[in-house]
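These notes are about the structure you will find just below.
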Amino acid sequence: MNARPAPRSGWCMPKALDILLPLLGFCLLLAAWHFGVGWAGLPPAVLPKPLAVWGAINTHWLLLLEEGWVTLVASAAGFGLAFLIGVPMAVAIAGSPLLNRMFYPLLIATQSLPKVALAPLMLVWLGTGIESKLAIAWLVAFFPVVVNTATGLRTTPREYLDLAAVTRANGWQIFWKIRLPAAMPFVLSGAKVAITLAVIGAVIGEFVGSSEGLGHLLLVANSQVNTPLAFAALVGLAVLGIGLYAAVAAVELALRPWFGEAPPQ
Amino acid sequence: MAGPDKGRMAEQPFGRIEAVTKTYPGGIVALERVDYDLRAGELVALLGPSGCGKTTLLRMMAGLTRPSAGRISIRGKIIDGPQPDFGFAFQSPNLLPWRSVLDNVLFPVEIAGRLDTRARDRAMELLDVVGLKGFSRLRPHQLSGGMKQRVSLCRALVHAPSLLLMDEPFGALDELTRMEMHDLLHAIRQSSGATIMFVTHSIAEAVYLADEILVMGPRPGRVVERIRVELSYPRRSAQRYSAEAREYERQAGAALGVVHA
Ligand SMILES: Nc1ncnc2c1ncn2[C@@H]1O[C@H](COP(=O)(O)OP(=O)(O)OP(=O)(O)O)[C@@H](O)[C@H]1O
Ligand SMILES: [Mg+2]
Numbered sequence: 001m002n003a004r005p006a007p008r009s010g011w012c013m014p015k016a017l018d019i020l021l022p023l024l025g026f027c028l029l030l031a032a033w034h035f036g037v038g039w040a041g042l043p044p045a046v047l048p049k050p051l052a053v054w055g056a057i058n059t060h061w062l063l064l065l066e067e068g069w070v071t072l073v074a075s076a077a078g079f080g081l082a083f084l085i086g087v088p089m090a091v092a093i094a095g096s097p098l099l100n101r102m103f104y105p106l107l108i109a110t111q112s113l114p115k116v117a118l119a120p121l122m123l124v125w126l127g128t129g130i131e132s133k134l135a136i137a138w139l140v141a142f143f144p145v146v147v148n149t150a151t152g153l154r155t156t157p158r159e160y161l162d163l164a165a166v167t168r169a170n171g172w173q174i175f176w177k178i179r180l181p182a183a184m185p186f187v188l189s190g191a192k193v194a195i196t197l198a199v200i201g202a203v204i205g206e207f208v209g210s211s212e213g214l215g216h217l218l219l220v221a222n223s224q225v226n227t228p229l230a231f232a233a234l235v236g237l238a239v240l241g242i243g244l245y246a247a248v249a250a251v252e253l254a255l256r257p258w259f260g261e262a263p264p265q
Numbered sequence: 266m267a268g269p270d271k272g273r274m275a276e277q278p279f280g281r282i283e284a285v286t287k288t289y290p291g292g293i294v295a296l297e298r299v300d301y302d303l304r305a306g307e308l309v310a311l312l313g314p315s316g317c318g319k320t321t322l323l324r325m326m327a328g329l330t331r332p333s334a335g336r337i338s339i340r341g342k343i344i345d346g347p348q349p350d351f352g353f354a355f356q357s358p359n360l361l362p363w364r365s366v367l368d369n370v371l372f373p374v375e376i377a378g379r380l381d382t383r384a385r386d387r388a389m390e391l392l393d394v395v396g397l398k399g400f401s402r403l404r405p406h407q408l409s410g411g412m413k414q415r416v417s418l419c420r421a422l423v424h425a426p427s428l429l430l431m432d433e434p435f436g437a438l439d440e441l442t443r444m445e446m447h448d449l450l451h452a453i454r455q456s457s458g459a460t461i462m463f464v465t466h467s468i469a470e471a472v473y474l475a476d477e478i479l480v481m482g483p484r485p486g487r488v489v490e491r492i493r494v495e496l497s498y499p500r501r502s503a504q505r506y507s508a509e510a511r512e513y514e515r516q517a518g519a520a521l522g523v524v525h526a
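Written as structure tokens, this is what we have:
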């Protein structure tokens with residue numbers, strides 16, 4: 001009666017398709033881009049063909065690496081600083097009922113503010129060096145870290161706190177052994193948002209006033225109407241952004257069995 | 266030996282619940298004038314419909330909430346907060362996902378600052394009793410629901426509490442696992458001698474486990490009947506189906522208003 005075919009052994013189709021299909025989609029997009037440009041007769045200065053971009057990457061790979069490194073350092077440092085300052089601040093806010101009531105609503109409100117708009121001011125305050133770039137990357141990454149960590153610390157499951165109460169844990173123990181680990185999924189999901197924003201912040205910083213980095217290279221290439229190079233810089237930024245995000249996501253994924261996943265907010 | 270100790274019956278009770286009333290903010294009267302004397306070494310089942318105040322009473326005994334009126338004392342001491350020699354088993358296993366099985370069991374002793382080799386040995390012994398010795402290094406997400414509940418039981422027992430408060434600890438388990446847990450609890454009682462307050466929705470569970478059943482009624486929560494269960498010890502699963510047990514179940518059902526004459 002059982003007419004179902006036996007499961008195929010070895011080669012696991014769904015898994016392979018998960019990788020192959022997106023690759024195929026990507027190739028289709030590239031092809032559409034290539035033929036679309038030829039068909040519309042666009043000049044390379046407006047939209048270069050993918051091969052021209054590849055050519056620019058090949059010629060300028062050292063430059064791209066150097067400028068990419070600058071942007072990477074600024075993004076990662078901004079993210080790191082956001083973490084170093086944001087987590088203790090969230091702890092202070094979540095730990096004190098007064099600070100909590102004073103600042104938590106404000107923090108939530110700041111989430112919808114366009115913080116990159118402060119970039120020109122940073123330039124005035126800190127000049128065109130790495131400092132202003134770092135400050136902008138830090139600023140945009142800081143808020144998701146604080147908000148998520150504070151939210152995580154505020155929403156410790158009640159049963160965990162009951163457990164702490166019946167075992168007569170003191171405030172210190174409750175924080176270190178219950179509240180902080182219970183907040184970890186929130187901290188990690190905040191980190192994923194923060195790393196993406198840190199890259200954006202660093203690039204904006206390079207836009208408004210810097211003489212290095214992929215953002216700066218993009219502006220220079222644009223002003224020289226070297227569109228293939230501008231696209232090469234964009235590819236560099238994409239690789240950088242995806243790489244940094246993947247690194248943080250990998251940490252989150254590795255820790256997930258320990259701390260669980262943050263509920264969607 | 267678990268079970269009623271006839272010789273001690275006349276003595277000062279182990280625990281006293283005196284005219285305890287609990288009114289929650291908003292005016293909900295969760296419990297009204299509950300009186301009960303708890304005897305040492307007994308297992309008392311709190312049986313009643315949802316919302317009749319079972320958890321409320323248990324939380325007051327644990328010192329997690331204060332009565333609005335009346336008082337609860339254990340061994341002559343009025344309960345005004347959590348006590349070091351009480352154990353609490355929650356309705357959900359309530360294990361900390363970032364800790365291993367062993368570290369979850371050790372949590373109470375770690376908090377009390379008494380984490381030593383003896384505590385570790387005792388935790389491993391308890392895990393052995395519940396059949397989880399080989400699982401001590403795993404983490405909660407790697408366990409089944411029944412295994413988690415057994416770990417939770419070990420955690421409640423690790424500091425050798427004199428009073429064990431259990432809030433529907435087996436409520437979420439399937440029937441077969443629950444029956445195993447009942448016999449496990451009997452075995453643990455035999456070796457620990459702890460006094461146990463056990464909240465349940467299940468009439469059969471109450472009869473098989475308890476020395477005395479407090480049947481509670483709702484709105485406002487109060488004790489409507491006390492049923493002494495004289496099933497002999499050591500209790501064996503076959504006794505669940507004895508005529509005697511059936512009669513206790515009928516009595517409890519009648520007191521709850523779900524069995525009619
Ligand atoms: N923290 C609280 N604040 C206000 N009312 C509460 C609170 N906890 C419980 N109650 C109310 O007190 C009553 C008794 O609740 P309790 O949790 O003790 O019932 P229960 O017998 O344990 O029910 P269940 O079997 O469903 O667990 C309910 O009417 C409930 O609404
Ligand atoms: Mg309850």
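Protein chains in written order, with my numbering: chain A, 1 to 265; chain B, 266 to 526.
Where is the CB? At the ideal position from N, CA and C, for every residue including glycine.
Starting from the C-beta of residue 317/B, find all residues in its chain whose C-beta is less than 7 angstroms away, skip the five residues before and the five after it, and write them out in chain order.
481, 482, 483 and 486
Locate the beta strand (DSSP E) running through residue 353/B, then write down its first and last residues.
351 to 354
Buried or exposed by the 16-neighbour rule on C-beta atoms within 10 Å, applied to residue 473/B:
buried
In angstroms, rounded to a whole number, what distance separates the CA positions of residue 170/A and residue 97/A?
17 angstroms
What residues in the stretch 157 to 170 of chain A have a beta carbon less than 8 angstroms from any beta carbon of chain B?
159, 160, 162, 163, 164, 165, 166, 167, 168 and 169
Residue 46/A: which of 249/A, 225/A and 256/A sits nearest, CA to CA?
225/A
Just curious, the beta strand (DSSP E) that residue 281/B is in, first and last residue?
280 to 289
Going by DSSP, what residues sit across from residue 338/B in a beta bridge?
281/B and 343/B
Under a CB-based cut-off of 8 angstroms, is residue 512/B close to chain A?
no
What residues does ligand 1 have around it, judged by CB closer than 5 angstroms to any heavy atom, in chain order?
289/B, 293/B, 295/B, 315/B, 316/B, 317/B, 318/B, 319/B, 320/B and 321/B
Less than 8 angstroms between CB atoms is the rule here; does residue 259/A satisfy it with respect to chain B?
yes
For residue 94/A, count the other beta carbons within 10 Å of its own beta carbon; 16 or more makes it buried, fewer makes it exposed. Which is it?
buried
Please identify the residue among 447/B, 461/B, 442/B and 305/B whose C-alpha is closest to the C-alpha of residue 327/B.
461/B
For chain B, is any of its Cβ atoms less than 8 angstroms away from the one on residue 181/A?
yes
Buried or exposed: which applies to residue 352/B, given that a residue is buried once 16 or more other Cβ atoms fall within 10 Å of its Cβ?
buried
Based on Cα-Cα distance, which residue from 258/A, 240/A, 230/A and 23/A lies nearest to residue 55/A?
230/A
Residue span of the beta strand (DSSP E) that contains residue 482/B, given as start and end
477 to 482
Which residues in the same chain have their Cβ closer than 6 angstroms to the Cβ of residue 513/B, if we skip the five residues on either side of it in sequence?
472 and 494
Once DSSP output is grouped into helix, strand and coil, what is the label at residue 212/A?
coil
Along the chain, where does the alpha helix (DSSP H) that runs through residue 108/A open and close?
97 to 110
Whole angstroms is fine: what's the gap from residue 70/A's alpha carbon to residue 216/A's?
10 angstroms
Is it the case that the CB of residue 448/B approaches a heavy atom of ligand 2 more closely than 7 angstroms?
no
Can you name the residues that DSSP bridges to residue 460/B?
428/B
Can you tell me whether residue 381/B is helix, strand or coil according to DSSP?
coil
Is the CB of residue 327/B under 8 angstroms away from at least one CB in chain A?
yes
Can you look up residue 160/A in the DSSP assignment and give me helix, strand or coil?
helix
Boundaries (first-last residue) of the alpha helix (DSSP H) holding residue 141/A:
130 to 154
Ligand 2 and residue 432/B: does the residue's C-beta get closer than 7 angstroms to at least one heavy atom of that ligand?
yes
What residues from chain B crowd round residue 224/A, counting only those whose CB sits closer than 8 angstroms?
Going along chain B, no residue has its Cβ under 8 angstroms from residue 224/A, so there is no contact; the nearest lies around 54 angstroms.
Within the continuous alpha helix (DSSP H) that includes residue 511/B, where are the two ends?
508 to 521
Nearest-angstrom Cα separation, counted from residue 213/A out to residue 60/A:
14 angstroms
Select from the stretch 343 to 357 of chain B all residues with a C-beta closer than 9 angstroms to any C-beta belonging to chain A, and list them in chain order.
346, 347, 348, 349, 351, 352, 353, 355, 356 and 357
Around the Cβ of residue 289/B, are there at least 16 other Cβ atoms within 10 angstroms (buried) or fewer (exposed)?
exposed
With distances taken between CB atoms, is the gap from residue 492/B to residue 516/B smaller than 8 angstroms?
yes
Is it a yes or a no for the stretch 308 to 324 of chain B touching the stretch 369 to 383 of chain B, going by three-plus beta-carbon pairs under 8 angstroms?
no
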